[in-house]
Amino acid sequence: MSFSATILTLYPEMFPGPLGISLAGDALLRGVWSLEARNIRDHGLGRHRTVDDTPAGGGPGMVLRCDVLGAAIDAAATPDDPRPKLLMSPRGKPLTQSYARELAAGPGVIIVCGRFEGVDERVIEARGLKEVSIGDYVLSGGEMAAMIVLDACVRLLPGVMGKEASGTEESFEANRLEYPHYTRPREWEGRTIPDVLLNGNHAHIERWRREESERITRERRPDLLER
1 MSFSATILTL
11 YPEMFPGPLG
21 ISLAGDALLR
31 GVWSLEARNI
41 RDHGLGRHRT
51 VDDTPAGGGP
61 GMVLRCDVLG
71 AAIDAAATPD
81 DPRPKLLMSP
91 RGKPLTQSYA
101 RELAAGPGVI
111 IVCGRFEGVD
121 ERVIEARGLK
131 EVSIGDYVLS
141 GGEMAAMIVL
151 DACVRLLPGV
161 MGKEASGTEE
171 SFEANRLEYP
181 HYTRPREWEG
191 RTIPDVLLNG
201 NHAHIERWRR
211 EESERITRER
221 RPDLLER
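In terms of the UniProt record's numbering, the sequence shown opens at residue 1 and continues consecutively.
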């Protein structure tokens with residue numbers, strides 16, 4: 001069964017966007033995964049298809065209504081749909097490589113893209129939405145964050161990347177950042193490829209890469225080594 005992604009958004013025209021090109025786009029054409037973007041506004045209220053209202057208790061901005069979003073979710077997935085329901089949110093669980101692998105190993109995802117000041121808390125609770133964050137910053141909406149989640153997952157699906165090892169020797173695998181890469185020419189602007197990579201001794205190369213990975217991680221992301 002292919003990996004199936006359903007996006008709930010106020011801007012379905014944003015999809016597939018970057019997901020329609022390169023590895024993800026090729027895999028989409030080959031049926032390795034599928035993508036459906038559904039418009040939350042189809043379930044809006046009244047002549048103007050209203051989807052939001054002022055926040056209870058006062059404050060700036062607007063809040064996405066629970067009845068509208070709940071109806072959109074119910075129309076997109078049957079009660080027995082096994083896919084996790086994600087809500088892109090800056091207060092959510094951080095997206096990590098291990099979590100992307102976990103999602104990629106499943107049947108797919110349903111992703112809700114929030115807008116405005118946020119989403120009524122009751123629909124998060126009632127529909128079991130799992131909040132996911134791509135970083136400690138705020139975007140205008142969840143669409144681009146959803147694309148990042150999908151790209152991180154799709155590239156891990158069998159048959160998407162050229163070599164199986166491409167997905168295992170990367171940053172954040174085994175809580176390490178990736179080692180440096182080099183290619184031709186051998187010398188460029190006075191900088192040369194490290195000799196160890198050119199001597200043909202694979203044991204030495206593997207040790208050098210491991211040591212460089214640990215060095216870079218220690219310098220730039222020591223928090224990864226503590227996990």
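The C-beta atom is built at its ideal place from N, Cα and C for all residues, glycine as well.
Is the Cβ-Cβ distance between residue i and residue j less than 9 Å?
i: VAL132; j: LEU177; result: no
i: LEU69; j: VAL138; result: no
i: LEU197; j: TRP208; result: yes
i: MET62; j: GLU121; result: no
Among the residues of its own chain, which have a CB less than 8 Å from the CB of residue i, if the five just before and after it don't count?
i: ALA71; result: HIS43
i: PRO84; result: LEU103, GLY106, VAL109, ILE110 and LYS130
i: ARG218; result: LEU225
Residues in its own chain within less than 7 Å of residue i by CB, not counting five upstream and five downstream?
i: SER213; result: ARG176, LEU177, GLU178 and TYR179
i: ALA145; result: MET88, ILE134 and LEU139
i: LEU45; result: VAL68
i: GLU173; result: GLN97
i: ALA37; result: ILE7, THR9, PRO12 and PHE15
Could you tell me which residues DSSP pairs with residue i in its beta bridges?
i: ARG191; result: TRP188
i: ASN39; result: THR9
i: GLY118; result: VAL63
i: TRP33; result: PHE3
DSSP three-state call for residue i: helix, strand or coil?
i: VAL154; result: helix
i: LEU10; result: coil
i: ARG221; result: coil
i: LEU177; result: coil
i: ASP74; result: helix
i: LEU197; result: helix
Less than 6 Å between C-beta atoms, sequence neighbours within five positions excluded: which residues of the same chain meet that for residue i?
i: ILE73; result: ARG127
i: TYR123; result: Sequence check: residue 123 is Val here, not Tyr. Correct list, in chain order: CYS66, LEU69 and GLY70.
For chain D, check one thing: does any of its Cβ atoms lie closer than 9 Å to the Cβ of residue i?
i: HIS43; result: Looking for chain D here will not work: only one protein chain is present.
For the ligand GDP, is there a heavy atom less than 8 Å away from the beta-carbon of residue i?
i: ASN201; result: Ligands are entirely absent from the displayed structure, and the ligand GDP is therefore not among its contents.
| request: Could you say if the region 144-156 and the region 192-210 meet the contact criterion of at least three C-beta pairs nearer than 8 Å? | output: no
| request: Inspect the CB distances between the region 79-93 and the region 123-140 and report whether three or more fall short of 8 Å. | output: yes
| field | Any 3 or more C-beta pairs closer than 8 Å across the region 96-115 and the region 3-16 | value | With a cut-off of 8 Å, the region 3-16 and the region 96-115 count as touching, because enough Cβ pairs lie within range.
| request: Examine the Cβ distances between the region 13-23 and the region 49-59 and report whether three or more of them are shorter than 8 Å. | output: no
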